[in-house]
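Residue numbers (the working numbering): 3 to 459.
No residue lacks a Cβ here, since even glycine has one placed at the ideal position from N, Cα and C.
Fair warning: this is a prediction, and the values are worked out from it, not measured in the lab.
In what follows, a single structure is set out as structure tokens and then discussed.
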Amino acid sequence: MEFTEAYKQTGPCCFSPNARYIAVAVDYRLMIRDTLSFKVVQLFSCLDKISYIEWALDSEYILCGLYKRPMIQAWSLTQPEWTCKIDEGPAGIAYARWSPDSRHILTTSEFQLRLTVWSLVNTACVHVQWPKHGSKGVSFTKDGKFAAICTRRDCKDYINLLSCHSWEIMGVFAVDTLDMTDIQWSPDDSAIVIWDSPLEYKVLIYSPDGRCLFKYQAYESGLGVKSVSWSPCGQFLAVGSYDQMLRVLNHLTWKTFAEFMHLSTVRAPCCAAVFKEVDEPLQLDMSGLCLDDDFMGGSDAPGGHFKVRYEVMEVPITFPFQKPPADKPNPKQGIGLLSWSNDSHYICTRNDSMPTALWIWDIRHLELAAILVQKDPIRAAAWDPISTRLVLCTGSSHLYMWTPSGAYCVSNPLPQFSITDLKWNSDGSCLLLKDKESFCCAAVPLLPESSDYSSDE
């Protein structure tokens, strides 16, 4: 892998959907860099510090959220002189997002008073009253024709279906939730999944016309659903719960066909490979050097140079387990990270009670494929959008990768660069790596048909 030099950033950074550009927030400036040369191709100055950026799907426009104002500014890469500013006045702006046609911006006001659809074509706007959430509760169909928006009125949750062409309300129906958390269209646009707050275990599948197709409740007592994700193929729905279990439903009968437990101790029989991150001191051959006693006496500096590798462990193995305090809200337990591979064959999970372990499940064989045990808690994990390859980071200077062929570690050559977040570009050729105040990119080689990676590569 090849790494670029480090560049300054003070906020969000992201690739454009066409993988040609990188948008970087540096205080109140928005820099657009070319992905290949890393030269600045556009520089826009906003009215305040940039809190949030999002590309339009056609990669022609980009919006910046200035939530301290609060205000939205949008820019065009093809027409640098074109400007757009959205200000909701006293209502404020809590969040903004693009519509699938890249010509409308949806903003949610403070206190969820209303959701507004702003047109960049004719400056018209449409209001939806009482949206349920600020940054959540809005989902678009894959073909971009319809939007489902969660609303709440009279202490009851509703789904509003809007046409993304005219932005007219096509239908409204009530849902059987106490306090709806979020909503997602299925990848084939045939169903909508919604789930209740952690206080009530309830996952509901609705058709677009408002019929409840299935109601799933794994248990009644205890905290409920923590994460939900459709597989890219649309055939599976994964539900991560606070009881530290991953359940997978099929799209034909909506029944559970797999339940995966995250135990603190893994025992035989277990076919999974367990990779543990270990430090290995660099062995320096100093036999040919002649050092005096004064130098040797002052060379006892703490620490030293280490390289990191994965060591394959035998079962049984016990992972570090953190019991959450009973007197604090939002306990760090349950399946907090949940992500499918691009081919829907694998799914990776992190049980927040064991934050240093990443579990990789094989959906084809309904078994545990691998466990990656890190020294530090896992910050982020992302699948290659093209190949079956998983990359994760832990806040150290290393990248960690897994493929069905094995796992390996990659050291970042940049000094004092701790990888706290990472993102793939859409063609799987490049990774964006973030530190606290800088970022860099790494060129990732294409995955060969069959590869045997050594654990100390």
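1. Going by other Cβ atoms of all chains shown within 10 Å of its Cβ, with 16 needed for buried, is Thr188 buried or exposed?
2. Using 10 angstroms around the beta-carbon of Val314, count the other beta-carbons present and answer buried if the total reaches 16, otherwise exposed.
3. For the stretch 101-114 against the stretch 122-133, do three or more pairs of beta-carbon atoms, one drawn from each stretch, fall closer than 8 Å, so that the two count as touching?
4. For Gln246, which option in Ser266, Thr258, Leu254, Gly236 has the closest C-alpha, if you only look at C-alpha atoms?
5. Is the separation between the beta-carbon of Gly240 and that of Ile194 shorter than 7 Å?
6. Would you list the one or two residues that DSSP bridges to Cys496?
7. Does DSSP put Phe297 in a helix, a strand or coil?
8. To the nearest angstrom, how far is it from the Cα of Pro14 to the Cα of Lys138?
9. Which stretch, first to last residue, makes up the beta strand (DSSP E) that contains Gln186?
10. Does the distance from the CB of Ser233 to the CB of Ile185 come in under 7 Å?
11. Would the beta-carbon of Phe17 fall within 7 Å of that of Ala444?
12. Using 7 Å as the threshold, is the C-beta distance between Gly336 and Ser199 below it?
13. Could you check whether Ile74 and Ile88 sit closer than 7 Å to each other, using their CB atoms as the reference points?
14. How about Ser47 and Arg31: are their beta carbons less than 7 Å apart?
15. Kindly list the residues whose CB is nearer than 8 Å to the CB of Ser397, restricted to its own chain and excluding five residues on each side of it in sequence; keep chain order.
16. Might you give, ordered along the chain, the residues of its own chain that have their beta carbon closer than 7 Å to the beta carbon of Glu83, omitting 5 neighbours on each side?
17. Any contact between the stretch 388-396 and the stretch 250-264? By contact I mean 3 or more CB pairs, one from each, below 8 Å.
18. Quick check on Glu369: does DSSP put it in helix, strand or coil?
19. What does the Cβ neighbour count give for Thr125, buried or exposed, with the cut at 16 atoms within 10 Å?
20. What is the DSSP secondary structure of Gly212, counted as helix, strand or coil?
21. Reducing DSSP to helix, strand and coil, say where Phe5 ends up.
22. How big is the Cα-Cα spacing for Pro465 and Pro357?
23. Report yes if the C-beta distance between Gly212 and Phe238 is below 7 Å; otherwise report no.
24. Which of helix, strand or coil does DSSP assign to Glu112?
25. Using a Cβ-Cβ cut-off of 7 Å (strictly less than) and excluding sequence neighbours within five positions of Gln44, which residues of its own chain qualify?
26. Can you look up Pro92 in the DSSP assignment and give me helix, strand or coil?
27. I'd like to know whether the C-beta atoms of Pro318 and Arg366 end up nearer to each other than 7 Å.
28. Taking the CB atoms as reference points, tell me whether Tyr97 and Ala76 lie closer together than 7 Å.
29. Could you check what DSSP says for Ser428 in three-state terms: helix, strand or coil?
30. Pick out the complete beta strand (DSSP E) segments inside the stretch 229-263, 3 residues or longer, and give them in chain order.
31. Below 7 Å between beta carbons: does that hold for Trp169 and Val128?
32. What separation, rounded to the nearest whole angstrom, lies between the Cα atoms of Lys278 and Pro19?
33. Put Cys15 into one of helix, strand or coil per three-state DSSP.
34. Go through its chain and collect everything with a Cβ distance to Met403's Cβ below 6 Å, but skip five positions before and after it.
35. State the beta-bridge partners of Gln44 as determined by DSSP.
36. Just curious, the beta strand (DSSP E) that Thr153 is in, first and last residue?
Concretely, from the data shown:
1. Translated into positions along the sequence shown, residue 188 becomes position 186. The residue asked about is misnamed: residue 188 is Ser in this sequence, not Thr. The residue in question, Ser188, is buried, as its Cβ has 16 or more Cβ neighbours within 10 Å.
2. As a first step, residue 314 is located in the sequence shown; it is residue number 312 there, counting from the start. Classification for Val314: exposed.
3. Counting Cβ pairs under 8 Å, three or more are found: they touch.
4. Counting from 1 along the sequence shown, the entry for residue 246 is found at position 244. It is Ser266.
5. By 1-based counting over the sequence shown, the position of residue 240 is 238. By 1-based counting over the sequence shown, the position of residue 194 is 192. Per the sequence shown, the amino acid found at residue 240 is Ala instead of Gly. No, the Cβ-Cβ distance between Ala240 and Ile194 is not below 7 Å.
6. Limits of the chain in this structure are 3 at one end and 459 at the other, which puts residue 496 out of reach.
7. In the sequence shown, counting from the first residue as 1, residue 297 sits at position 295. With a pLDDT of only 43 at Phe297, under the threshold of 50, the placement of this residue in the model should not be trusted; the figure read from the coordinates follows. Here Phe297 sits in helix by DSSP.
8. Along the sequence shown, read from residue 1 onward, the residue named residue 14 stands at position 12. Along the sequence shown, read from residue 1 onward, the residue named residue 138 stands at position 136. Approximately 18 Å, taken between the alpha carbons.
9. Position 184 of the sequence shown holds residue 186. From DSSP, the beta strand (DSSP E) with Gln186 extends over 184-187.
10. Counted from its first residue, the sequence shown places residue 233 at position 231. Counted from its first residue, the sequence shown places residue 185 at position 183. Their beta carbons are not under 7 Å apart, which means Ser233 does not touch Ile185 by this criterion.
11. Here residue 17 refers to the residue found at position 15 of the sequence shown. Here residue 444 refers to the residue found at position 442 of the sequence shown. In this structure, Ala444 does not lie closer than 7 Å to Phe17 by Cβ.
12. Translated into the one-based positions of the sequence shown, residue 336 becomes position 334. Translated into the one-based positions of the sequence shown, residue 199 becomes position 197. Not closer than 7 Å, so no.
13. Locating residue 88 in the sequence shown gives position 86, where the first residue counts as 1. Locating residue 74 in the sequence shown gives position 72, where the first residue counts as 1. Yes, the Cβ-Cβ distance between Ile88 and Ile74 is below 7 Å.
14. Against the sequence shown, residue 47 aligns to sequence position 45. Against the sequence shown, residue 31 aligns to sequence position 29. Going by beta carbons, Ser47 and Arg31 fall inside the 7 Å limit.
15. Looking up residue 397 in the sequence shown gives position 395. A small fix is needed here, since residue 397 is Gly in this sequence, not Ser. Taking Gly397 as the centre and dropping the five residues before and after it, the same chain places the C-beta of Asp378, Pro379, Arg381, Ser420, Ile421, Thr422 closer than 8 Å to its C-beta, in chain order.
16. Taking the first residue of the sequence shown as position 1, residue 83 is located at position 81. In its own chain, leaving out the 5 sequence neighbours on each side, no residue places its CB closer than 7 Å to the CB of Glu83.
17. Counting Cβ pairs under 8 Å, fewer than three are found: no touch.
18. Along the sequence shown, read from residue 1 onward, the residue named residue 369 stands at position 367. Assigned with DSSP and collapsed to three states, Glu369 falls in strand.
19. The residue you call residue 125 lines up with position 123 of the sequence shown. A residue is called buried once 16 or more other Cβ atoms fall within 10 Å of its Cβ, and Thr125, having fewer, is exposed.
20. Counting from one through the sequence shown, the residue named residue 212 turns up at place 210. Three-state DSSP puts Gly212 in coil, outside helix and strand.
21. Numbered from 1 along the sequence shown, position 3 holds the residue referred to as residue 5. For Phe5, the secondary structure class from DSSP, reduced to helix, strand or coil, is strand.
22. Examination of residue 465 is not possible in this model, given that the chain is present from 3 through 459 alone.
23. As a first step, residue 212 must be located in the sequence shown, where it is residue number 210. As a first step, residue 238 must be located in the sequence shown, where it is residue number 236. No, the Cβ-Cβ distance between Gly212 and Phe238 is not below 7 Å.
24. Here residue 112 refers to the residue found at position 110 when the sequence shown is read from its first residue. Helix, per DSSP.
25. If you number the sequence shown from 1, residue 44 lands on position 42. Spatial neighbours of Gln44 in its own chain (CB-CB distance under 7 Å, excluding positions within 5 residues in sequence) are listed in chain order as Ile34, Leu79, Pro82.
26. In the sequence shown, the residue the question calls residue 92 occupies position 90. Reduced to three states, the DSSP call for Pro92 is helix.
27. Locating residue 318 in the sequence shown gives position 316, where the first residue counts as 1. Locating residue 366 in the sequence shown gives position 364, where the first residue counts as 1. At the C-beta level, Pro318 and Arg366 stay beyond 7 Å of one another.
28. Residue mapping note: residue 97 aligns to position 95 of the sequence shown, counting from 1. Residue mapping note: residue 76 aligns to position 74 of the sequence shown, counting from 1. Contact check for Tyr97 against Ala76 fails: the beta carbons are separated by 7 Å or more.
29. One-based indexing of the sequence shown puts residue 428 at position 426. Look at Ser428 here: in three-state DSSP terms it is coil, with no helix or strand label.
30. The qualifying runs are 238-243, 247-252, 258-263.
31. The sequence position of residue 169 within the sequence shown is 167, counting from 1. The sequence position of residue 128 within the sequence shown is 126, counting from 1. Yes. Within cutoff.
32. Here residue 278 refers to the residue found at position 276 of the sequence shown. Here residue 19 refers to the residue found at position 17 of the sequence shown. Rounded to the nearest angstrom, the two C-alpha atoms are 35 Å apart.
33. Within the sequence shown, the letter at position 13 stands for residue 15. Here Cys15 sits in strand by DSSP.
34. Here residue 403 corresponds to residue number 401 of the sequence shown, with the count starting at 1. Result list for Met403: Val393, Tyr410, in chain order.
35. Mapped onto the sequence shown, residue 44 falls at position 42. Answer by DSSP bridge pairing, in chain order: Ile34.
36. On the sequence shown, residue 153 is found 151 positions in, with the first residue counted as 1. First-last of the beta strand (DSSP E) with Thr153: 148-155.
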